[in-house]
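Worksheet: one structure, shown below.
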Amino acid sequence: MVDMAAAVAGHCRFFDYLADLVDPKFYHADDREHINPKYMKHAERAATKRAFKEQYKQNKRAKLDPDAVKTTTELHKKQAQEAAERQAAGEPVGGLAALGTLHLSAGGQPSREELLQRLHAKMEAARKARNAKEGGEGADKQPKGAADNAKQWRQEQLGKKLKAKQQQQQQGQKQQQQQQDAAQKRKQQQQQQPEGAPAAKKAKGEQQQQRQQQGQQQGQQQQQQQQGTGLAFNKLQLDTGRPVPGRHGSKAKPSKAEALKAAEDKQARLADAAARQDKEAIAAEAWRAALARASGERVLDDPKLLRRSLKKEAQEKARKAKRWAERNSAQQEQQKARQDKRKDNLAARSAVKLEKKKERRDKKLLRAGFEGRKAGFINAPKAKQ
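The sequence shown begins at 52 in the working numbering and counts up by one.
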C-alpha cells in the first residue's frame, strides 16, 4: 500500500513537471474582458493605453524576476484555494472580478447562471455610463461643449428648413386648389350664360387688348423722348445730325482708306477756308470735331497718322501673308515626305512578298537528283543553228 502511494505521488510529481513545461497563459483559460480601444473616446482611449502599457511592464518585470515568477502548478493551486474560499463564503465558483478590470479570472468554465449575471452587470454598467454622459437621472449633469452646441444648432437649422419646406408645399397646394376652383367656377359660368353672351364677351376682350396696346405705344414714345433729351452715362449725347455709332440702323464703320480720303477733303476745305479767311467755316468744323469727341466718337482727321497706320497695316498684312505661305509650304513638304515614306514602305513590303513567292516557287521546282532550277524539258526540240 505504501509503495502504491509513493508511486502515485511520483506520478503526480511527473504530471506536475509536465504541466510546468506549459506556459500558464496557454494552460489556464483567459476569462478576462478584452477591451478594444478603437471604439472609445479620445481621453478614455489614452487612459486605457496607459493602463495596458503599465500592466505590460509589470508583467514583464514579474516574469523576469525569479522570486516572483510562478509555475503553472502553483497558479493552479492558488486558483483552487481561491475557489474554495469563495465557495465557503457563499459566492459562485468561477466568477470574474469586477467588470472593466484587467485581472485574471479565478475560476474554470462559467455556468449559464454566471453568464446571465455577467450580462446583467454589463448592461447595468453601460446604462449608468450612458446616463452619466447624457446627463440622465442619477448622473451629474455636465456642461455642453462646442460639439454639442454645434449639433444642437444643426438640428435646429434642419428643423427650420423642414418646416419652411412644408409651409411652401402647403401654400403651393393651396394655390393649386384655388386655381382649380376658379377654373371650375368660370366653366360653370360659361355653361350658364346664354348663346349671345360669348360674342359680347369676346368683343369686350378685344377692346381691352386694343386699349392695352395703345397704352404701351404711348409709354414707348414717352420713353424715347425722354432718352433723346436726357443724359447718357459717362458721355454727352447731343443732337449733331449724324447717326450715333452702335445704334441699330446706323451705317457701318468706315475703313481707314475712306477716313483718309475724308481727312484729305477736310484738310483741303480748311486750307481753302483759310485762304478765303472764312473763320466761321473753320470754327464750325472745329466745333463739329469737338462735339464728336465729346460724344465718345473717334475723330480720324489727321492724314499723316492715317497714312502711317495704313502703311503699318499693309506691312503687317504682308508679314502675315509671308508666314502663311511659309506654313503652307512647310505643310506641303511634310505631307510629301510622309507620302514618299509611305510609298517606299509599300514598295519594300511588295518586294519582300515577291521574294517570298519566288522562294516558295523554287522549293516547288526542286527535284530529287536534279540540282538547280529546271532549264527546260529533256525532249524539247533543239533550236536550229
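Ideal Cβ positions, reconstructed from N, Cα and C, are used throughout, including at glycine. These numbers were taken from a predicted model, which means no experiment stands behind them.
Contact test: residue i Cβ vs the ligand MG heavy atom, cutoff 6 Å
i    : result
K225 : Among the components of this structure there are no ligands whatsoever, and the ligand MG is therefore not found.
Reduced DSSP category for residue i - H, G, I as helix; E, B as strand; rest coil
i    : result
G141 : coil
T99  : helix
S306 : coil
T122 : coil
S162 : coil
P117 : coil
H85  : coil
D74  : coil
R79  : A small correction: the amino acid at residue 79 is His; Arg does not occupy that position in the sequence shown. Three-state DSSP puts H79 in coil, outside helix and strand.
P354 : helix
A56  : helix
A431 : coil
M91  : coil
Q328 : coil
L150 : Because the pLDDT at L150 is just 38, under 50, the model does not fix this residue reliably, and the point stays unresolved.
Alpha carbon of residue i to alpha carbon of residue j, nearest angstrom
i    : j    : result
T124 : A70  : 7 Å
A335 : R370 : 42 Å
A113 : K128 : 19 Å
Q227 : K211 : 24 Å
E406 : R393 : 20 Å
A381 : Q390 : 14 Å
D395 : P432 : 45 Å
F66  : A58  : 12 Å
E410 : E377 : 49 Å
K202 : L209 : 11 Å
E331 : D316 : 18 Å
D54  : Y68  : 21 Å
Q328 : E367 : 42 Å
C63  : L166 : 33 Å
M174 : I86  : 16 Å
Q234 : E207 : Inspection of the sequence shows that residue 234 is occupied by Ala rather than by Gln. Whole-angstrom Cα-Cα distance: 41 Å.
N46  : K179 : The chain is shown only over 52 to 436; residue 46 falls outside these bounds and no answer can be derived.
A402 : R412 : 15 Å
A172 : F103 : 23 Å
D199 : A94  : 17 Å
W375 : A398 : 34 Å
A176 : L170 : 10 Å
Q224 : A98  : 58 Å
W204 : G347 : 57 Å
Q240 : Q260 : 22 Å
D118 : G61  : 26 Å
K415 : A388 : 41 Å
Status (buried if at least 16 other CB within 10 Å, exposed otherwise) for residue i
i    : result
D191 : Here D191 scores only 48 on pLDDT, less than 50, and its place in the model is too uncertain to base an answer on.
L311 : buried
L44  : Missing from the structure shown is residue 44; the chain here goes from 52 to 436 and no further.
P161 : buried
A303 : exposed
L357 : buried
Residues of its chain near residue i, where Cβ-Cβ distance is below 7 Å and the 5 sequence neighbours each way are ignored
i    : result
K100 : P88
A149 : Note that A149 scores a pLDDT of 39, beneath 50, so its modelled location is shaky and nothing firm can be said.
L321 : I333 and E336
Y78  : A70 and T123
G300 : Confidence in G300 is poor, its pLDDT being 49 and thus under 50, which makes the residue's placement unreliable; the coordinate value appears in the next sentence. The answer is none, since no qualifying residue turns up.
Q217 : none
Endpoints, the alpha helix (DSSP H) within which residue i is located
i    : result
E348 : First-last for E348: undefined, no H or E at that position.
N200 : A197 to Q243
Neighbourhood of residue i by C-beta distance below 8 Å, restricted to the same chain and skipping five residues each side
i    : result
L361 : K307, A308 and L311
V350 : A340, A343 and R344
D353 : A314
Below-7 Å beta-carbon distance, residue i vs any chain C residue
i    : result
Q241 : No chain C is part of this structure, which consists of one protein chain only.
Proximal residues to residue i (C-beta, below 6 Å), its chain only, five neighbours per side dropped
i    : result
P75  : T123 and L126
L282 : Because the pLDDT at L282 is just 47, under 50, the model does not fix this residue reliably, and the value given afterwards should be weighed accordingly. Cβ neighbours of L282 beyond the five flanking positions: none.
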